[in-house]
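Undergrad: First to last, the protein sequences are chains W and X.
Take the first sequence: its letters are residues 642 to 752, numbered as in the working numbering.
Take the second sequence: its letters are residues 539 to 650, numbered as in the working numbering.
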Amino acid sequence: DGGITQSPKYLFRKEGQNVTLSCEQNLNHDAMYWYRQDPGQGLRLIYYSQIVNDFQKGDIAEGYSVSREKKESFPLTVTSAQKNPTAFYLCASSTGLETQYFGPGTRLLVL
Amino acid sequence: KQEVTQIPAALSVPEGENLVLNCSFTDSAIYNLQWFRQDPGKGLTSLLLIQSSQREQTSGRLNASLDKSSGRSTLYIAASQPGDSATYLCAVMSGSARQLTFGSGTQLTVLP
């Protein structure tokens, strides 16, 4: 059963804490992406990776970090430097010029 | 910088109506345009992808058109059903990074 999985579904962050969101895909896609979605808005690109061990900043990378050590995995860390982290986070993957396939999302809330 | 606008932001129609959702983008140098569906609290599902060289794509009751020169796309939904209720997002792929830029979506409600 191929697809993209994200965990956890809900995540709570305390002030000053770093938290990591998981994204795994078994579609054998080279490219992976992280987006942030705020209520009533479209998606904004945080980071993307077109190949293992390489990644690039998107439009809103400040306060976030990523790694791409394996083709299947692209975890996102929300650092304490991100002052407004409450949002819905979506991970996607693709082969390049074709459509992107999205995971179910992680909702991050601040305690 | 690419910008994508979707009109209207929300739309409510009775079941059975045909409807049109609009999308416009500022930079016509695109690779493709995609329409996605998002149910509340869920991820995105791809509906249609139109390559820059194409004018339209069809899938069942859905038809999407692309006029690259004017920076416009429409998503036509025929014979709407309550199950079509969702947010519809338009996105264009452009730039050397082949980045997707999204509109803010149209929230569609189909009333039984």
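Even glycine gets a Cβ: it sits at the ideal position worked out from N, Cα and C.
1. Along the chain, where does the beta strand (DSSP E) containing residue 695 of chain W start, and where does it finish?
2. Please name the residue, chosen from W:689, W:750, W:700, that lies closest to residue 729 of chain W on a Cα-to-Cα basis.
3. On the CB-based measure, 16 or more other CB atoms within 10 Å of its CB, does residue 591 of chain X come out buried or exposed?
4. Got a sec? Which residues, its chain only, sit under 6 Å from residue 674 of chain W by beta carbon, not counting five neighbours each side?
5. Counting only the same chain and skipping the five closest in sequence on each side, list residues whose C-beta sits under 6 Å from that of residue 704 of chain W.
6. Would you check if the distance between the CB atom of residue 542 of chain X and the CB atom of residue 615 of chain X is smaller than 9 Å?
7. Which one of X:539, X:570, X:644, X:623 has the shortest CA to CA distance from residue 738 of chain W?
8. Here's the rule: buried if 16 or more other CB atoms are within 10 angstroms of the residue's CB, otherwise exposed. What is residue 709 of chain W?
9. Given this structure, state the Cα-to-Cα distance separating residue 656 of chain W from residue 706 of chain W, to the nearest angstrom.
10. Which one of W:671, W:697, W:687, W:698 has the shortest CA to CA distance from residue 726 of chain W?
11. Strictly by DSSP, which residues pair up with residue 711 of chain W?
12. Give the interface partners of residue 661 of chain X over in chain W, defined as CB-CB distance under 7 Å, in chain order.
TA: Judging by the given coordinates:
1. Residue numbering aside, residue 695 of chain W sits at position 54 when the first sequence is read from its first letter. Per DSSP, residue 695 of chain W belongs to the beta strand (DSSP E) from 695 to 698.
2. In the first sequence, residue 729 of chain W corresponds to position 88, counting from 1. Looking at the Cα atoms, W:750 is the closest of the given residues.
3. As a first step, residue 591 of chain X must be located in the second sequence, where it is residue number 53. Exposed: under 16 other Cβ atoms inside 10 Å.
4. Indexing the first sequence from 1 puts residue 674 of chain W at position 33. Around residue 674 of chain W: 689, 733.
5. Your numbering for residue 704 of chain W matches position 63 in the first sequence. Result list for residue 704 of chain W: 720, 722, 723, in chain order.
6. Within the second sequence, the letter at position 4 stands for residue 542 of chain X. Within the second sequence, the letter at position 77 stands for residue 615 of chain X. Judged by beta-carbon spacing, residue 615 of chain X lies beyond the 9 Å limit of residue 542 of chain X, meaning their Cβ atoms are not closer than that value.
7. Here the question's residue 738 of chain W lines up with position 97 in the first sequence. Considering only X:539, X:570, X:644, X:623, the residue with the shortest C-alpha distance to residue 738 of chain W is X:570.
8. Here residue 709 of chain W is taken as the residue at index 68 of the first sequence, counted from 1. Result: buried.
9. The residue you call residue 656 of chain W lines up with position 15 of the first sequence. The residue you call residue 706 of chain W lines up with position 65 of the first sequence. C-alpha separation (whole angstroms): 17 Å.
10. On the first sequence, residue 726 of chain W is found 85 positions in, with the first residue counted as 1. Per the Cα distances, W:687.
11. As a first step, residue 711 of chain W must be located in the first sequence, where it is residue number 70. Checking the DSSP bridge columns, you'll see residue 711 of chain W partnered with W:714.
12. Since the first residue shown for chain X is 539 and the last is 650, residue 661 of chain X is missing from the structure and cannot be characterised.
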